[in-house]
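Engineer:
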Amino acid sequence: MQRSIQYGSEEITYTLRFSKRKTLGISVHPDRSTEVNAPEGSSLEKVEEKIRKKAAWILKQQDHFLSFEPRNVTRKYISGESHLYLGRQYQLKLIQSPDNSVKHTGRYFEIRTQDSTKAQFLMEHWYLEKSKVWFQTIAEPLLERFKKHNVNPSKIEIRKMQYRWGSCSPKGRILLNPELIKAPKACIEYVIIHELCHLVHRDHTKAFFDLQQREFPEWKKWKSKLEQLLA
Ligand SMILES: [Zn+2]
Numbered sequence: 049m050q051r052s053i054q055y056g057s058e059e060i061t062y063t064l065r066f067s068k069r070k071t072l073g074i075s076v077h078p079d080r081s082t083e084v085n086a087p088e089g090s091s092l093e094k095v096e097e098k099i100r101k102k103a104a105w106i107l108k109q110q111d112h113f114l115s116f117e118p119r120n121v122t123r124k125y126i127s128g129e130s131h132l133y134l135g136r137q138y139q140l141k142l143i144q145s146p147d148n149s150v151k152h153t154g155r156y157f158e159i160r161t162q163d164s165t166k167a168q169f170l171m172e173h174w175y176l177e178k179s180k181v182w183f184q185t186i187a188e189p190l191l192e193r194f195k196k197h198n199v200n201p202s203k204i205e206i207r208k209m210q211y212r213w214g215s216c217s218p219k220g221r222i223l224l225n226p227e228l229i230k231a232p233k234a235c236i237e238y239v240i241i242h243e244l245c246h247l248v249h250r251d252h253t254k255a256f257f258d259l260q261q262r263e264f265p266e267w268k269k270w271k272s273k274l275e276q277l278l279a
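The number in the working numbering is simply the position in the sequence shown, starting from 1, with 48 added.
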């Protein structure tokens, strides 16, 4: 049963299930979906009261995943279509040529190929190559800066994730979504700093946000930029 409650300006939507259990359990998944398992026979009022009590926690968990809803934009990869790179829009220009290459010039992405059905593959490959270079370049000074907190991330890796911008494992492996290459550099910086802060503080506690605030005072601005841009 799909239900929702209003909490301040936020709406919390959840799936409610009843089962043979003694207490109410709430779980938040990486795609932000929220599941509430209630003991059989409990009233909706009671359930809602419990959810309301845990609302701040639920919102925090949803936020924890630095998640986004994948946009249902169908890209055609044809001339004239605009595509993002580091926060800017560029127009595709398909050029008949045996090259199979992508060139980024002024206002355009020039895709050279004989076979227009290859355009998407060529663009995605180009983005991935750029991600490797840029993520590393942006991360390097940040990793250096975080050494003062005694953190030593083992690796920065690029991983396609459906709902997340980034994540970090307890062992200090930081994963970044290659889609980030479409966002402004400061957004990429924000995601990396966010994950580095998690190496110091695992959860979204006050200490975590204080650290994030110190390390990147403009984080709120870039977080919402990121959400507007691609979410
Ligand atoms: Zn987080």
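Glycine residues also receive a C-beta, built at the ideal position from the N, C-alpha and C atoms.
Does DSSP classify T153 as helix, strand or coil?
Structural biologist: Of the three classes helix, strand and coil, the one that applies to T153 here is strand, per DSSP.
Engineer: Report, in whole angstroms, the separation of the C-beta atoms of P232 and K273, which I expect to be a contact under 8 angstroms.
Structural biologist: Yes, they are in contact, since the Cβ atoms of P232 and K273 sit about 6 angstroms apart, within 8 angstroms.
Engineer: List the endpoints of the continuous alpha helix (DSSP H) containing I126.
Structural biologist: Looking at the DSSP string, I126 is not in any alpha helix (DSSP H), and its letter there is neither H nor E.
Engineer: What is the DSSP secondary structure of V76, counted as helix, strand or coil?
Structural biologist: Note: V76 maps to strand in three-state DSSP.
Engineer: If you count every other CB in all the chains shown that lies within 10 Å of the CB of V95, and 16 or more means buried, which is it?
Structural biologist: With 16 or more other Cβ atoms within 10 Å, it is buried.
Engineer: Measure the C-alpha to C-alpha separation of L64 and G214 and round it to an integer number of angstroms.
Structural biologist: Roughly 29 angstroms between the two C-alpha positions.
Engineer: Do the CB positions of C245 and L224 come within less than 7 angstroms of each other?
Structural biologist: No, the Cβ-Cβ distance between C245 and L224 is not below 7 angstroms.
Engineer: What separation, rounded to the nearest whole angstrom, lies between the Cα atoms of L132 and E172?
Structural biologist: Spanning the two alpha carbons is a distance of roughly 12 angstroms.
Engineer: Judging by CA-CA distance, which residue of D251, Q276 and I236 is the nearest neighbour of I264?
Structural biologist: Note that residue 264 is Phe in the sequence shown, not Ile. The shortest Cα separation from F264 among D251, Q276 and I236 belongs to I236.
Engineer: Measure the C-alpha to C-alpha separation of E192 and I106 and round it to an integer number of angstroms.
Structural biologist: If you take the alpha carbons of E192 and I106, they lie about 33 angstroms apart.
Engineer: Using only the alpha-carbon positions, how far apart do P218 and V199 sit?
Structural biologist: Cα-Cα distance, rounded: 11 angstroms.
Engineer: Give me the Cα-Cα distance between A187 and D147, rounded to the nearest whole angstrom.
Structural biologist: Rounded to the nearest angstrom, the two C-alpha atoms are 33 angstroms apart.
Engineer: In chain order, what residues of the same chain have a beta carbon less than 7 angstroms from the beta carbon of K108, not counting five sequence neighbours either side?
Structural biologist: For K108, where only same-chain residues beyond five positions count, the Cβ hits under 7 angstroms are H252.
Engineer: Nearest CA to the CA of T71: which residue from N85, Q137, Q144 and Y62?
Structural biologist: Considering only alpha carbons, the answer is N85.
Engineer: Using the rule of at least 16 other Cβ atoms within 10 Å of the residue's Cβ for burial, across every protein chain shown, is K271 buried or exposed?
Structural biologist: The residue is buried, with at least 16 neighbouring Cβ atoms inside 10 Å.
Engineer: Once the 5 residues before and after A167 are set aside, which same chain residues still bring their CB inside 8 angstroms of it?
Structural biologist: Same-chain partners within the cutoff: Y125, I126, L140, L142, I159 and T161.
Engineer: Keeping to the same chain, check which residues put their C-beta closer than 8 angstroms to that of W182; ignore five residues upstream and five downstream.
Structural biologist: Taken in chain order, the residues that qualify are L134, I229, K233 and I236.
Engineer: How many angstroms separate the CA atom of E58 from the CA atom of A255?
Structural biologist: Cα to Cα, the separation comes out at about 24 angstroms.
Engineer: Quick one: using the 10 Å Cβ neighbour count with 16 as the cut-off for buried, is I60 buried or exposed?
Structural biologist: Buried is the call here.
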